[in-house]
Structures are given as C-alpha cells and as structure tokens.
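Residue numbers (the numbering used here), protein chains in the order written: chain A, 50 to 347; chain B, 121 to 405.
Heads up, the beta-carbon is just placed ideally off N, CA and C, and yes, glycines get one too.
Structure record follows, encoded as structure tokens.
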C-alpha cells in the first residue's frame, strides 16, 4: 500500500512539473503548445543516453534541458510571428516526429526495445527497495524549486510583460516590449522544464521506450493546467493530483467491471476527452482559476 | 522505380488532398484549426466497415451510406458543441483545445466498439496490374479517379453555387455576410457537411489501400496540415495542390531516405514554408 502511494506521488509529482512548464507557456503566455511531450522525451532520452556514456548525471539532465529549450525556441521562431494556431499545428507535428525518430534511430535509442540499465541519482545511497522513497523526495524538492522559481518569475517584471503580451499584444508592443522575443523565451523555458520532468520520469521508470511519449501525454498536461485554472501554478499542481486521483480510482474500479484491458483504457480516454470538452464549454477558467486571468474565454 | 514512386505518391496525395480540402474549408469558414479532422476520416472508414461487414450491405452501398452519416454526425456535433461555443463568443484557442477533446473521445470510442487491432474491408485481394511498368491495383486507380471527380465537385460548389458564394462571403467578412441576409449557421452546417463528407471519403480510400485502425486518421494529421499550410491554409485549391505535393514528396523521398522517415518530409516542408512563405503557395485566407 505504501509502495502504491509512493508511486502515485512520484507520477503525480513528475507530471506536475511537466504541467508547470505548460502553464508557463499557456497560462502565462497564451501559447498553444500541443506537443509538450516531445520536450519531455528529449529530456528523458538525452539524460539517459549521455549518462550511459559516462557523462555525470547533473550535466546529462542539464544537457536535456538545453536541447529541449533550444528546440522549443526554434519552433517558436518558426511560428510565433504568425497566427497562434501555427504553433499548435507545428508542435503537434514535432511531437510525432520526435517519437518516430526515437523509434527508428535504433543505433542511438534501440528503437522500440527502449533503453534500460542506466544510472540514477544517489543510487548507491539506499537499498534498492527504498529507492522510490528517495526519488519521491527528490521529485518533491525539484517540484517545489520549479514552483518557487516560476512564482518569482511570474511576479517579476519579466512575468508581468508576459501576461501583458498574453492579454493584449499590441499594448505591450506599443510600450516598446519585444513581444515575439518574450514569447520565444517563455516557450524555451517551459520546454526545458518539460525536459527536466522527462529526466525524472526516466529515473522513476528505469526503462524508457518511445511509447512512453505518446501525444496523449501532452493533453494530460493540458487538462491539469486547465482543471486547476490556467495561469495558476498552485492550480496546476492541484490539477495534477486530481487527474492522477482519477486515474488511480478508475484503475481500482476496473477490478469490478468486466471490460477487456484495451476497452477500459479506451473508456478512460473517452472520459478524458469529454472532460476537456466539458471544461472548455462550461468552465474554461477551471476549478480555481480567476476569470480575469483567462486566456481562453475572451 | 521512380515511376512507381510517383504513382504511389499520386494515390497517397489524392487522399491527403481530400482530407486537407475539408480541413482548409473548415479553417476558412469556422476560423479555427480542427484537430479532430483526422478522426472523422477514421469514423468514415469504420462506418463503412460497419455497414459492409456487420450489416452486410455490400461495399459500394456501405460507402454511399457512411459518407452522409459522417456528415450528419458532424452537423450534430456543430449543434451540440461548436454552435454554443460560437454564440458564447469563445475564442479560437478555446475552440481548438475543445477539438482536441473531441478527437480523443472519437478515437477511443472507436477502440471500444471495434477493438484496437488493424482491420480490413470485406473485399477480395486485388492483383496488381502492370501499367507501363508501374504496378497498380484497381483500388488505387479508383482512388485517383474518385478523388479527381470529388475535387471537380468541390470546385463546382465553390464557384457555381449560392452556397459557394455564401461561403466565400462568410470567410471574407462574417458580419457583413450576416447583415446581407446570409444564414450564417446554415452555411456553417453545409461547410461541415462538405468538409466531413470529404474526410469520410478520404478515410475510406485510406482504408482501402492500407488497412483500418482507430489511429489511422490521427496518424496522418501531420501531412494533412502540412498540405493545407503548403497550399495556403484556408484555400481549398491550395489544399489540393499541397496534398499532391506532400504525397509525392513523401513517396519520392523513400528513394533516398529510409521509408520510416517519410513523415518527417512533411514536417520539413511545413517548417520551410513557415519560414519562407507562411502564406503558402496559393495564399491563404
């Protein structure tokens, strides 16, 4: 039971970090990143591949963040001068391309066999059975750090400009702010945060393969952000806990309903899709969001 | 060798073009990128399978039924979801996020009803014919013929009918269209019908030359959008040209690149267009 709680804490924590990156892009900056999972995948694979080749873990994690941030910036430069839907289209394509690349670049990624047996942080310090508890501690510390940094950034002049760009780009441009550059920065930083969550996910799973990074993962993050209230970091964390609560409860209920495994996970996805539809139709500000902070209801 | 790749590219390009026309029309009239478009391809293909295999109606009848049923479903969805969103003045971004939810729900509902495995239409396996050194099945030839006929029909609707005129008026200026007495909701409903009818047709064709699986439409959303953007998103003729170019480029690339990477060709073309000619070849809406 305790193991089960720790594993929920780990996944909810890792996905909360992942979703915080999206909240920076969408909640604070109004950017439609529909391929967030690509940056998580880049983080996970870069960290694992580098650390298997002897690079110290901390640098391997940082390298993943830099690579993901640079990819995010590249996609931003390609699209952010255009209408906002181009970013959505291009990022969704990018996340598929990254998955195809990971599946097919076998010499580097071992394709669908995946990678395992890679180093994890502080591995020698505790017994193998206790490692998840230690990792949960690390995840929570990272989550709190990311949260604190984002809160400080949100209240800083940088964060205020971001929000002003989101609310009315013309006004901030007329005040001499380079809106385009702020948006690219926000996209890059959010992508780097996704990469960090990817490294943590790799440490937790001990085995990664391209199917861990399906497009649907991106929309889990979207639901977490919207459920909690776009633009609220605290809301995003609550959203992550709620969504993971939903997953664990439905998995628990599965034992009582005679569904084939593929049908029951599909049924869960139908509910996920409907939650997204329902939120956008009836409560776009989420459970705790403030209407005046809303990027979608205008 | 290259002739064969070009032939494959034309067949694939026809499917992408039909899908991209609907995507582009919906973008122009409803003013948002519909991420559920691919799942309507899938829906059309599976409805055909249902009519043909489960109800035993014969394949041609099944196709003729599946297309209007898909279109009717799209109209129902407009009344239930898109119209309330429009009347609430919801933003484009909200509507796009919503379309993702619709896409996830449709795809997984199909998994529940039809299992996640690959399926085939109940049709005999076709021998390839040798047409001047190029191997083609009669399925592939009919895909090309029907696609071209449909493109001509779209051209006729857009240029010769009152509906086409109203669609263009609505796309240029919704408020002006409304005060000149155009019934906006009705034009939008017809646009959904045309767009999703074409999507269903594209889905049937895709299932015919490959196989059916619940992910089939979602899996080609990238080439679909790449085609629409390449042609100039919002421009139906651009989508036809874009679809053909994307189809040809993907197939011809297999002469130089491993076939697994052909989808990356669409992505590369899309990025290049955004950098150098974001309005697309024919200019978007």
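Classify residue 249 of chain B as helix, strand or coil using the three-state DSSP reduction. strand
Assigned secondary structure, residue 254 of chain B (DSSP; H/G/I helix, E/B strand, else coil): strand
Apply the 10 Å Cβ neighbour rule to residue 74 of chain A and answer buried if 16 or more other Cβ atoms are within range, or exposed otherwise. buried
Coil, strand or helix - residue 239 of chain B by DSSP: strand
When Cβ atoms are compared, which residues of the stretch 136-167 of chain B fall closer than 9 Å to chain A? 147, 152, 153 and 155
Residues of chain B with CB under 8 Å from residue 237 of chain A, in chain order? Going along chain B, no residue has its Cβ under 8 Å from residue 237 of chain A, so there is no contact; the nearest lies around 17 Å.
Closer than 8 Å to chain A by CB, residue 220 of chain B: yes
Can you confirm whether residue 120 of chain A, when its beta carbon is compared against all beta carbons of chain B, has any partner nearer than 8 Å? no
Below 8 Å between beta carbons: does that hold for residue 215 of chain B and residue 343 of chain B? no
Cα separation between residue 211 of chain A and residue 173 of chain B? 55 Å
Neighbouring residues, chain B, relative to residue 127 of chain A (Cβ below 7 Å): 391, 394 and 395
CB-CB length for residue 244 of chain A against residue 117 of chain A, believed under 8 Å: 4 Å
Chain B residues whose Cβ lies nearer than 8 Å to that of residue 135 of chain A: 349, 394 and 398
Contacting residues, own chain, Cβ-Cβ under 6 Å from residue 286 of chain A (five flanking each side not counted): 65
Under 8 Å (Cβ pairs) to chain B, residues found in the stretch 149-163 of chain A: 149, 150, 152 and 153
Using the beta-carbon count (16 or more within 10 Å), is residue 234 of chain A buried or exposed? buried
Using only CA atoms, which one of A/166, A/223, A/293 and A/222 lies nearest to residue 99 of chain A? A/166
Coil, strand or helix - residue 177 of chain B by DSSP: coil
Just reading off the alpha helix (DSSP H) that residue 175 of chain A is part of, what are its end residues? It is not in any alpha helix (DSSP H) - residue 175 of chain A carries neither H nor E in the DSSP assignment.
Just confirm the distance between the C-beta atoms of residue 250 of chain A and residue 93 of chain A, as a whole number of angstroms; I'd bet it's less than 8 Å. 6 Å
Would you kindly report the start and end of the unbroken alpha helix (DSSP H) that includes residue 330 of chain B? It is not in any alpha helix (DSSP H) - residue 330 of chain B carries neither H nor E in the DSSP assignment.
Quick one: Cα of residue 333 of chain A to Cα of residue 325 of chain A, how far? 9 Å
Please go through the same chain and pick out, in chain order, the residues whose beta-carbon is closer than 6 Å to the beta-carbon of residue 240 of chain A, but skip the five residues on each side of it. 88, 117, 118 and 121
Could you name the residues of chain B that residue 268 of chain A contacts, counting a contact when the two beta carbons are closer than 7 Å? 220 and 224
Partners in chain B for residue 276 of chain A, counting only beta-carbon separations shorter than 7 Å: Correct list: empty, because the minimum Cβ distance to chain B is about 12 Å.
To the nearest angstrom, how far is the alpha carbon of residue 406 of chain B from that of residue 124 of chain B? Missing from the structure shown is residue 406 of chain B; chain B here goes from 121 to 405 and no further.
Determine, using beta carbons only, whether residue 130 of chain B and residue 313 of chain B come nearer to each other than 8 Å. no
Simplified DSSP state of residue 147 of chain B, which is helix, strand or coil: helix
Name the DSSP beta bridge partners of residue 256 of chain A, please? A/165
Compare the C-beta of residue 142 of chain A with all C-beta atoms of chain D and state if any pair is closer than 8 Å. In the displayed structure, chain D is absent; the protein chains listed are A and B.
When you compare only the Cα positions, how much space is there between residue 140 of chain A and residue 264 of chain A? 10 Å
Between residue 318 of chain A and residue 223 of chain A, what straight-line distance do the alpha-carbon atoms span, to the nearest angstrom? 44 Å
Alpha carbon to alpha carbon, how far is residue 226 of chain A from residue 316 of chain A? Give it in angstroms, no decimals. 47 Å
On the CB-based measure, 16 or more other CB atoms within 10 Å of its CB, does residue 220 of chain A come out buried or exposed? exposed
Does DSSP classify residue 63 of chain A as helix, strand or coil? helix
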